[in-house]
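Note that the UniProt record's numbering has the sequence shown beginning at 1, numbered continuously upward.
Take a look at the structure below.
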Amino acid sequence: MQLASSGGRRLRHAALAARELALEDGRTVIRKELSAAAREAAKALELRNGPRSVLSELVACWGEQEWERLLVWPSNDYLVSRTGLSERGIRKAFRVLIDQQLIIPKESPNGKRYAVKDLAGEIVDAFGFDLTPVYARRGEWAERLIEQKQARETRKRTFDEITIARRAAQEALNSLAQEYPDLDRSDLQDPFAGLMARTPLRSTKAVPIDVLDEWKALRSACEEAYYRAGYAGTECRHTYNNNESPSEPCNKSFPKKAEAVRSTEQTSEHLSPELILEACPTISDYGQPVRDLADIVSAGRYLRASLGAHESAWAEAVEEVGPVRAAISVIYVLQLYEDDLAKNGGESRIKNPGGYFRALTRMVKSGKIDLAVELLAMRRRRMM
């Protein structure tokens, strides 16, 4: 036997669960508090524009009555005029809000929404929607928003690290191609192309931890291949154009550092390696001892890839401010970036460290920034 339709709204489990939520004894709620809770709920649940607009209008209808339940009774026509949605869109928004346990329908005998008044004309009850869950769950909204923020920060750090590893791997492959064109690089280039195809865009919500591990492994493999091609397991670097006598030491024809330190930079006491080491501990990422300005130059050239700056940025900086100040600029920007990450919970205000490095070297060249003063200030902050 088929039961006849009751004519009322279809019963939903979420509506029954939401009825268990209640305000604290003696608690009164003002519209401002309810509106704040509704905004947090919309963010925490990531509501679409339709349900978000309807929820906002329902909250605006709250008359701040001192009732145990927060009841509102706007008509569909009123909500259509206020939100710009169609009546079908309004009904769909109601279903979403009910399923999310934000509102509870309180049905009248004729299915209409209206206020119930006593003989004196005072509103004592109403049929419509109960907004109590929106306010009663405000602690849950706060927790969800914190979790979402942490997830966004983790996701951003993961993509930042992927970008750094990808650029470093690309640079190592480019260097191999330029300096050792006869070397077979297919065992690195093929995985690089495949990993590029599998790396999701930043616009996706996924946190690609597995992809990050693969990029780090590929970066290590590319850099190791470049190192072995250059040193081949010996103390000195091999080249194909060594015209010196076979009896001469192989290190004689090649400079120890990538760029020679200019004489005008060698006596700068305020840019000493000691000051740089104290102000910028991130230089430890270089992995080699730093004893003099020549070591600083090598460290800066090596760490440049960590900024995501192209090799042309390094060449431009060396041309404009010399190799020492170019290297110090790299180390300084990298330290600023890492300090900002630590200070702001994994989110740095420096969105493009490579571009920041280019801008910094131009300001150093124009005299707008004194690296010695900046390093002294950074060391002072670190010692506080």
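Where is the CB? At the ideal position from N, CA and C, for every residue including glycine.
Given the structure is predicted, the values throughout are model-derived calculations rather than measurements.
Cβ neighbours of residue i in the same chain (closer than 7 Å, five flanking residues each side left out)
i           : result
residue 214 : 195
residue 369 : 360 and 363
residue 102 : 41, 55, 133 and 134
residue 82  : 57
residue 108 : 114 and 127
residue 333 : 307, 353, 356, 357 and 360
CA-to-CA distance, residue j to residue i, given in whole angstroms
i           : j           : result
residue 153 : residue 384 : 28 Å
residue 192 : residue 155 : 22 Å
residue 354 : residue 303 : 11 Å
residue 209 : residue 342 : 20 Å
residue 98  : residue 41  : 13 Å
residue 225 : residue 141 : 50 Å
residue 274 : residue 284 : 13 Å
residue 128 : residue 117 : 14 Å
residue 147 : residue 186 : 42 Å
residue 124 : residue 115 : 8 Å
residue 426 : residue 39  : The chain is shown from 1 up to 384; residue 426 falls before or after that span and cannot be answered.
residue 312 : residue 322 : 14 Å
residue 149 : residue 351 : 17 Å
residue 126 : residue 35  : 20 Å
residue 290 : residue 357 : 21 Å
residue 349 : residue 307 : 14 Å
residue 315 : residue 301 : 10 Å
residue 177 : residue 339 : 35 Å
residue 297 : residue 48  : 53 Å
residue 258 : residue 175 : Any answer about residue 258 is weak, because its pLDDT of 43 lies below 50 and its placement is not dependable; what the coordinates show is given next. Each residue's Cα considered, the two are about 14 Å apart.
residue 184 : residue 272 : 42 Å
residue 201 : residue 190 : 20 Å
residue 219 : residue 197 : 16 Å
residue 367 : residue 145 : 45 Å
residue 265 : residue 179 : With a pLDDT of 45 at residue 265, under the threshold of 50, the predicted position of this residue should be treated as unreliable, though the coordinate-derived value follows. Cα to Cα, residue 265 sits roughly 30 Å from residue 179.
residue 120 : residue 70  : 22 Å
residue 78  : residue 344 : 45 Å
residue 295 : residue 288 : 8 Å
Residue closest to residue i, alpha-carbon to alpha-carbon, out of the options
i           : options               : result
residue 64  : 117, 143, 304 and 33  : 33
residue 106 : 310, 364 and 72       : 72
residue 286 : 299, 295, 57 and 277  : 299
residue 43  : 331, 138 and 160      : 138
residue 227 : 271, 173 and 316      : 173
residue 281 : 308, 295, 331 and 315 : 331
residue 371 : 349, 344, 339 and 326 : 326
residue 203 : 159, 223 and 184      : 159
residue 222 : 167, 54, 201 and 206  : 167
residue 181 : 69, 229, 47 and 52    : 229
residue 385 : 150, 52 and 169       : In the structure as shown, the chain starts at 1 and stops at 384, and residue 385 therefore has no counterpart that could be examined.
residue 309 : 320, 296, 329 and 291 : 329
residue 122 : 188, 67 and 295       : 67
residue 206 : 151, 179 and 31       : 151
residue 136 : 119, 110, 109 and 104 : 104
residue 335 : 78, 77, 288 and 374   : 374
residue 365 : 320, 333 and 82       : 320
residue 52  : 84, 201, 119 and 184  : 84
Contact check, residue i vs residue j, beta carbons under 8 Å
i           : j           : result
residue 379 : residue 278 : yes
residue 37  : residue 134 : yes
residue 318 : residue 293 : no
residue 50  : residue 112 : no
residue 171 : residue 305 : yes
residue 58  : residue 131 : yes
Beta-carbon proximity list for residue i, same chain, < 6 Å, skipping 5 on both sides
i           : result
residue 100 : 45
residue 394 : Past the boundaries of the shown model lies residue 394; the chain is included only from 1 to 384, so the question cannot be answered.
residue 74  : 61
residue 161 : 212
residue 28  : 66
Beta-carbon contacts of residue i that lie in its chain and below 8 Å, excluding the five residues immediately before and after
i           : result
residue 80  : 86, 87 and 90
residue 199 : 162, 166, 208, 211 and 215
residue 30  : 64
residue 76  : 87, 90 and 91
Scan the stretch 60 to 97 and note each continuous alpha helix (DSSP H) run of 4 residues or more that stays entirely inside, going in chain order. Listed in chain order, they are 76 to 83.
Which ranges does the alpha helix (DSSP H) cover as unbroken runs of at least 4 residues, wholly within the UniProt domain "Plasmid replication protein C C-terminal" (274 to 380), from first to last along the chain? Restricted to the UniProt domain "Plasmid replication protein C C-terminal" (274 to 380), the alpha helix (DSSP H) segments that are unbroken, complete and at least 4 residues in length are 293 to 303, 311 to 343 and 353 to 366, listed in chain order.
Enumerated in chain order, which unbroken segments of the alpha helix (DSSP H) with a length of 4 residues or greater are wholly contained in the stretch 140 to 219? As far as the stretch 140 to 219 is concerned, its whole alpha helix (DSSP H) runs of at least 4 residues are 186 to 198.
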